[in-house]
Every structure is written in C-alpha cells, then in structure tokens.
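These notes concern the structure reproduced below.
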Amino acid sequence: MATELLQPTQEHIIHVLMKKNPALDEQKLRSAVAFISEAHKGQFRKSGMPYTEHPYEVAKIIAEMKLDTSSVLAGLLHDVVEDTQHSLDVIKTRFGEDTAFMVDAVTKISAAQKQGNKIEQKAETYRKFISAMAKDPRVIMIKIADRLHNMRTLQYMKPEKRKIIAQETLDIYTPLTHRFGLYQFKSELEDLAFKYLNPVEYKRIVDHLLSTKEERERYIKSVVGPLQIKMALEDFDCTIQGRTKNIYSIYGKTLSRGCSLDEIFDIFAIRIVVESISECYLALGYVHNLWTPLQGLFKDYIATPKPNLYQSIHTTVIGPENKMVEVQIRTKDMDLTAEKGFAAHWAYKLETQRSGEELEWLDRLAKLQAEIPDSTEYLNFLRVDLKNEGITVFTPKGDSIELPEGSTVLDFAFAVHTKLGLHCVGARINNDVISATKTVPSGATIQVLSSHNQNPLPEWLEIVKTEKAKQELRRWMRTSIATEAQTLGKELWQRELRVFKIQKPEEQPKPEEICEFFKVKSVEEFYDRLGLGNMELSELAKFIQKMHPEKFSEADPESPVKIFVTDQADESQLPVEVGNESSLLIHFASCCSPIPGEPIMGALMPKQGIEVHRKDCEHLLQIPESRRISMEWNRDSKKEFSVHLKVETDDRKGITAEILDEMNKAKVFIERMSVVSAKKSGRIRLVFRIARRDLLERLMESIRSVSGVREVTRL
C-alpha cells in the first residue's frame with residue numbers, strides 16, 4: 001500500500017525535472033529517484049515530511065539551472081553517503097564517477113574520519129569542498145541548492161541552531177553565490193539568513209515595504225512611463241522593468257548611510273534589457289538625456305566585467321521628485337548571466353575546458369588553503385576572503401584585479417605576485433609615486449616598485465586588508481623569525497661562554513650535554529628557545545656552573561647569576577648591540593621609547609625575543625633580573641625612532657604654528673599630532689621620529705624657547 005502511494009510521488013518528481021530541463025536523461029532519473037526512495041526509507045525531516053522531500057527539492061533547483069544529468073543526479077543522491085548505509089562505491093558503480101565525485105564533495109567529514117573538535121571537522125569539510133569545487137565548479141550548485149532548501153525550511157530547527165546556520169550562510173554561502181554570479185540565490189539566502197539573525201529589523205523593513213508598496217509602485221511608474229515614451233519616440237526596442245531591492249540589501253544601506261528607511265529612496269532599480277552591446281550605450285545616452293546623472297555613481301561593467309562574468313551598465317540619476325534612481329542597462333544574455341551566473345554558461349562549457357581566467361580566484365583559494373594548517377585561522381580566512389570585493393584596479397598590462405575597499409599598494413602587490421609584495425617599496429599611479437602603505441583608488445593602473453633590499457616590516461600586518469597578503473606576510477615572518485631566533489640564540493650563548501672565558505673548543509659543552517640539561521632534541525632547538533626569549537638567563541648560569549664550577553668559584557661563589565645578569569653595562573657583560581638592524585626579535589618598548597644616546601637594557605620576553613628599554617624605565621624594574629640583558633647602541637646607528645612629547649602652553653593664537661616651525665627646522669617627521677585648548681591653556685601631543693638623544697634635547701630646548709610654552713615633557 002505504501003509503495004502504491006509513493007509511486008505517484010516518484011512520477012511527479014520525474015515529470016517536474018524533465019519539464020524544467022528536457023535534455024536530462026529520464027531513465028537515469030528514474031533509477032536515482034527509486035534508489036533514494038529505498039535508501040531514505042523511514043527517515044523524516046524536522047518538519048515531519050519524508051526525508052526524500054529534501055533531495056527532490058535540491059534536484060529541482062539544479063534542473064532549473066539547466067545543468068547536466070550528472071549534476072541533477074548528484075542533487076538527488078547528495079545525502080545518501082552521509083545519512084544511509086550506502087557507500088560512495090555504490091554511487092560510482094550505479095551512477096558514474098562524475099556524480100560520485102560531486103556527492104563526495106558535498107559530504108561532510110565525519111568524526112570518525114577526522115579526530116578532533118567540531119571546528120577541525122568543519123574546517124576539513126570546507127577544505128575538501130573547495131578543493132573539489134576548484135576541479136569541478138558544478139559542485140557549488142549542489143551545495144548552494146542544498147543550503148537554499150535547508151534555509152527555506154529552517155523554521156523547523158531549534159532557535160539556537162537556526163542562528164548558527166543563518167550566520168554560516170551569510171559568512172560562507174552568500175559570498176560564494178556572489179563569486180559565481182548566482183544573484184538569484186544570493187538575494188534569497190541573504191533575506192532568509194537575516195530573518196533569523198535579526199528578526200526585529202527584518203520585520204520592520206518588511207512592514208515598511210508593505211506600507212509603502214502603493215507609493216513605491218506609483219513612483220516606479222513615474223520613472224518607467226517617461227522612459228517608455230522616450231524609447232518609443234527614439235524608435236528604440238527594449239524591455240523596461242522596475243524591481244525592489246532585497247531586504248538585506250536595504251538594511252545594509254541604512255547601516256552604511258546611517259539613515260532611516262524613510263530617507264532611502266534608491267530601494268528599487270530600473271532595468272533596461274536590449275539586444276546588443278551597442279544598444280546598451282545608446283540606451284545610456286537616452287537615460288542621461290532624460291535625467292541628470294550622478295557622475296560618482298556610474299559603473300561600466302560591460303567594458304570591465306566582474307570576475308564572475310557579470311556585465312551591465314549602472315548609472316544613478318536624479319529622477320522625478322528629485323529622488324535618486326539606479327538604472328541598470330544590459331543585453332538579454334547579460335541579464336541571464338546576472339541571474340544565474342556561471343550556471344547560465346555551464347551547459348556548453350562542460351563540453352570544453354573551462355576558462356582559467358574566469359575561475360582564477362577559485363584556483364588561488366584552493367592553493368592558499370593548503371598553507372593555513374590551523375583550523376580556526378582557516379575558517380576566519382574563508383569568512384574574510386570570500387567577502388565581496390569593493391574596487392577594481394589594473395596592472396600595466398591591463399589585467400583587472402578586484403580588492404576590498406581600502407586596500408593598499410601592498411595588497412595589490414601581493415595579489416600580482418608574492419615576491420613583488422615581499423619586496424614592495426611603493427607604486428607609480430598616474431605618474432605619481434606613492435608609498436607601499438597608501439590606499440589605492442578604484443580604476444587606477446598601478447605599477448609596483450620593488451627592491452631586493454626591502455623586506456617586510458611587522459607593521460605591514462596591521463596595514464594590509466586582503467587575507468592573501470596577511471597569509472604571505474605571516475608565512476615570511478614565521479620563516480624569518482625561526483632563522484633570527486637561531487642566530488640570536490647562538491649569539492647569546494656564545495656571549496655567555498665568552499663572559500666566563502670558555503673559549504677553547506675542548507672546554508665548551510658538547511651538544512649532547514646541552515640537549516640533556518635543557519631537555520631539547522637538538523642544539524638548534526636550544527638556540528631557538530633562547531632566541532625567542534623562552535629561557536631565562538639564570539638557566540644558562542646553572543648549566544655553566546654545573547659544567548665548569550671552577551669558573552664560578554673564581555668569580556663569585558656567593559651568587560653566580562649576578563656575574564652576567566646585572567644592571568651595569570660594563571665590559572664583562574659583552575652587551576648586545578642594537579640600532580641599525582631591522583629585526584623581528586628585537587623590539588623597542590613603547591612604554592619608554594628609547595633612542596640612541598640613552599642608556600638601555602634588554603629583557604628576554606617569552607615568544608617575542610628581546611624588548612629594549614631605557615635603563616630608568618619603571619616597567620623594566622618589574623621584569624625579573626634573570627631575564628635582563630646588557631645592551632648598547634651601535635655607534636654607527638642612523639635609524640630614527642619614535643618619540644612622544646607633551647607640550648603645555650598658553651592659549652595663544654599662532655603658538656601651534658610656531659612649535660611646528662621649530663619641528664620643521666629640526667627636520668623631523670611628525671607621525672601624529674593632537675591639540676587641545678581650554679580657556680587659558682593648551683596641550684599639544686606630538687609623535688615624531690628622531691635619530692639621537694642630543695638632537696631630541698636640542699629640539700625640546702627650541703620648543704621651550706617659543707613664547708607661551710610652559711612645559712615640554714617626554715612621555
């Protein structure tokens with residue numbers, strides 16, 4: 001009886017699938033529908049419906065995209081391996097390797113496959129999915145269709161589960177739909193996710209749209225009407241439509257503009273669809289003849305298509321009632337691509353090799369993920385890297401590169417080539433030379449300037465926007481820090497041996513003795529720990545005392561540690577020199593900002609190396625003596641260091657300009673400045689770079705000589 005009731009359902013789904021795409025193989029569909037009916041027998045969804053409802057709906061979405069039979073079969077079978085006893089080999093034998101590959105790509109990594117926590121399992125699942133997607137982009141349609149139907153039925157899940165799934169949808173799946181140009185799905189996924197993440201704002205916008213529906217429709221008619229008349233007078237054949245933007249998009253506008261719903265007029269767009277590219281530009285001229293365009297809001301995605309193949313002309317004009325109206329102009333083929341993205345082209349592209357340029361970002365993503373072993377870091381990388389790009393810039397050869405809004409020359413350089421980013425010193429834009437840390441404008445043609453003498457600086461990590469740049473910088477720094485740690489650790493060890501006059505090779509501790517005492521596997525690991533600051537100097541003293549007790553009795557049997565750990569920079573301490581080098585393991589403390597000419601002392605800080613302080617720094621006293629190390633400036637140092645000054649003044653007109661004039665005479669580079677004035681007094685804070693203490697003292701005296709300056713204090 002149950003089989004008789006189920007049979008019409010099977011017939012119905014086959015009829016629907018064939019109607020959506022008559023090119024499908026009906027016999028294979030029948031086999032798959034019968035197979036999943038048996039495989040998922042007795043399984044039900046949270047809604048109470050038979051589980052087969054889900055794969056049926058997923059297959060419908062895929063068939064509507066006009067994808068091939070293997071893709072629709074994968075949609076029907078996508079949960080079989082994960083939720084039934086059937087293996088991937090069964091899928092491969094019965095339905096082919098293509099279908100089996102796609103089913104495997106969207107099957108989650110199980111706890112049995114990946115020992116570890118849920119974060120690791122999720123990260124491995126995404127790695128597997130993206131690697132498969134890079135090999136066969138059809139995989140994305142299976143996953144997006146799966147997520148879309150799950151979001152449509154999300155109300156049956158527990159509230160806390162809804163939010164987790166909705167946030168994941170916004171973080172990962174909607175950016176993927178954008179990347180592939182699947183805007184038809186992007187809008188629906190965004191709105192469904194927003195509905196569960198922020199139900200109050202969602203309802204407010206829905207209510208607003210309902211209450212203003214008649215007014216909005218009236219206004220759309222007031223725009224479309226004159227356009228239709230204009231096109232008719234020009235004997236120009238086209239289709240004109242008006243549509244309201246999706247709810248999540250409207251919410252984004254309220255946030256970015258800091259305004260209320262009533263203040264947003266461009267919550268809808270007018271679309272003009274024509275036959276040819278030349279007609280697109282002709283239509284643009286007619287629109288601009290009718291209404292005044294806003295120059296800053298014009299974008300030509302026909303001349304420079306987006307990487308996901310999207311093409312259209314966007315122009316914003318001052319329409320009726322002085323309201324902003326966005327007009328999109330495109331051909332019929334562009335309109336199809338705008339709604340269905342790559343899916344609109346896959347029907348014939350599957351018969352030939354896919355274009356490498358169109359999916360270059362996907363190949364890059366697949367390669368880059370292998371360089372991020374940490375699961376949490378990888379998931380964060382995905383959330384950032386998949387987000388919509390904001391600007392398009394060009395190489396001197398005319399190749400376009402999309403970057404996030406606010407990207408720098410460094411981001412562009414890393415996007416072109418890793419080595420170019422690592423050695424970037426600046427760029428030439430429109431014959432102007434700018435620094436590597438400057439932001440780049442959209443539409444600019446950029447020529448990167450590089451030098452083999454330039455290496456990355458730690459502060460670059462705080463400046464770059466793209467995840468690729470961050471990853472390459474982290475990787476370079478990890479390698480460089482490891483090398484520096486070995487060098488610095490060896491130098492510190494040799495320094496201690498010289499302090500105790502252990503110079504002869506036969507007197508020096510053997511590698512196996514070092515490894516045994518410090519519980520390390522190799523001398524290199526010992527150097528590494530020491531260079532990274534993960535070892536106290538007192539540990540070296542204990543080891544040397546054990547190996548050469550006579551050295552300690554000669555020096556000071558009472559307190560061996562004080563022999564080499566002291567706040568006196570005498571010759572016996574063999575101070576470490578600093579000044580000119582750019583080191584990742586020698587940092588200058590921000591609490592006292594030491595500069596050449598001032599007595600200094602270092603402190604071994606765990607995992608950081610050496611932190612350099614002024615000797616009179618209060619924070620230095622809080623660091624154990626066993627971690628302090630004698631240091632002195634390199635006499636040839638020409639490097640400039642940051643200095644903070646506070647200047648107390650009278651509230652006199654022009655005093656700030658006079659102080660800046662003294663700074664200019666001293667030829668110092670001002671990094672930051674703030675001015676606060678009260679009724680009778682003022683306070684100026686300055687951050688600038690200077691090379692030596694004597695130059696700083698002269699500058700401070702010059703500032704004190706300015707009339708109205710009460711006090712100059714170094715912070």
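Under full-length UniProt numbering, the residue at position 363 of the sequence shown is numbered 363, and the numbers go up by one with no gaps.
Cβ atoms here follow ideal geometry from the backbone N, Cα and C, with glycine treated the same way.
Note that the structure is predicted; figures quoted are calculated from it, not measured.
Go ahead and label residue i buried or exposed: buried means 16 or more other beta carbons lie within 10 angstroms of its beta carbon, across all protein chains shown.
i, result
"Phe-185", "buried"
"His-178", "buried"
"Pro-560", "Confidence at Pro-560 is low in this model, with a pLDDT of 36, below 50, so its placement is unreliable and no value can be given for it."
"His-12", "exposed"
"Met-65", "buried"
"Asp-89", "exposed"
"Asp-411", "buried"
"Tyr-156", "exposed"
"Gly-258", "exposed"
"Glu-558", "Low per-residue confidence applies at Glu-558: pLDDT is 41, beneath 50, and the placement is therefore not dependable, though the value from the model is reported in the following sentence. Classification for Glu-558: exposed."
"Glu-292", "Note on residue identity: the sequence assigns Thr, not Glu, to residue 292. Its Cβ having fewer than 16 others within 10 Å, Thr-292 is exposed."
"Phe-526", "buried"
"Ser-375", "buried"
"Gln-353", "Confidence at Gln-353 is low in this model, with a pLDDT of 41, below 50, so the placement of that residue is unreliable and no value is reported for it."
"Ala-603", "buried"
"Ala-111", "Only weak support is given to the placement of Ala-111: the predicted model assigns it a pLDDT of 47, under 50, and the question is left unresolved by the model."
"Glu-200", "At residue 200 the sequence reads Val, which differs from the Glu that was named. The residue in question, Val-200, is exposed, as its Cβ has fewer than 16 Cβ neighbours within 10 Å."
Go to residue i, then tell me how far its beta strand (DSSP E) extends in each direction, as first and last residue.
i, result
"Val-327", "324–331"
"Glu-671", "669–677"
"Cys-515", "Looking at the DSSP string, Cys-515 is not in any beta strand (DSSP E); the run it does join, the alpha helix (DSSP H), is 511–518."
"Lys-692", "Reading off the sequence, residue 692 comes out as Arg, not Lys. Element bounds for Arg-692: n/a, residue is neither H nor E."
"Val-578", "576–578"
"Ser-630", "628–633"
"Val-464", "Where Val-464 is concerned, there is no enclosing beta strand (DSSP E), given that its DSSP letter is neither H nor E."
"residue 734", "This structure leaves residue 734 out entirely; the chain is present only between 1 and 715."
"Thr-315", "313–318"
"Phe-35", "Note, Phe-35: premise wrong, no beta strand (DSSP E); alpha helix (DSSP H) at 26–39."
"Ala-74", "No beta strand (DSSP E) contains Ala-74, which is instead part of the alpha helix (DSSP H) from 69–77."
Hey, is residue i's beta-carbon within less than 8 Å of any beta-carbon in chain B?
i, result
"Met-18", "This model lacks chain B altogether, as it is built from one protein chain only."
According to DSSP, is residue i helix, strand or coil?
i, result
"Glu-275", "coil"
"Thr-99", "helix"
"Lys-135", "helix"
"Glu-496", "helix"
"Val-200", "helix"
"Leu-386", "coil"
"Trp-291", "coil"
"Thr-483", "helix"
"Lys-646", "strand"
"Leu-532", "coil"
"Ile-595", "coil"
"Leu-457", "coil"
"Lys-195", "helix"
"Arg-45", "coil"
"Ser-400", "strand"
"Phe-236", "coil"
"Leu-182", "coil"
"Ala-105", "helix"
"Leu-715", "coil"
Just reading off the alpha helix (DSSP H) that residue i is part of, what are its end residues?
i, result
"Thr-177", "174–179"
"Leu-17", "2–20"
"Met-231", "213–233"
"Gln-545", "537–547"
"Asp-661", "655–665"
"Ala-63", "53–64"
"Asp-432", "Note, Asp-432: premise wrong, no alpha helix (DSSP H); beta strand (DSSP E) at 432–435."
"Ile-165", "159–168"
Would you say the beta carbon of residue i comes nearer than 7 Å to a heavy atom of the ligand MN?
i, result
"Glu-234", "For the ligand MN, the structure offers nothing, since it holds no ligand at all."
Tell me the DSSP bridge mates of residue i?
i, result
"Ser-450", "Cys-424"
"Arg-683", "Glu-648, Val-676"
"Thr-439", "Thr-408"
"Asp-300", "Ile-313"
"His-587", "Glu-611"
**Asked** Would the segment 650–665 and the segment 626–635 be scored as touching if the rule is three or more Cβ pairs under 8 Å?
**Response** Because the criterion of three Cβ pairs below 8 Å is not met, the segment 650–665 and the segment 626–635 do not touch.
**Prompt:** Can you find at least 3 beta carbon pairs, one from the segment 510–528 and one from the segment 604–615, that sit closer than 8 Å?
**Reply:** no
**Request:** Evaluate contact between the segment 19–33 and the segment 68–75, counting only Cβ atoms and requiring at least three cross-stretch pairs below 8 Å.
**Result:** yes
**Request:** Specify whether the segment 438–448 and the segment 478–490 touch according to this definition: at least 3 beta carbon pairs, one from each stretch, less than 8 Å apart.
**Result:** no
**Asked** Taking three-plus beta-carbon pairs below 8 Å as touching, is the segment 185–202 in contact with the segment 87–107?
**Response** no
**Asked** Is the number of C-beta pairs between the segment 499–513 and the segment 448–463 that are closer than 8 Å three or more?
**Response** no
**Message:** Using 8 Å as the cut-off, can you tell me whether the segment 463–477 makes contact with the segment 488–503, which would need three or more C-beta pairs spanning the two stretches below that distance?
**Reply:** no
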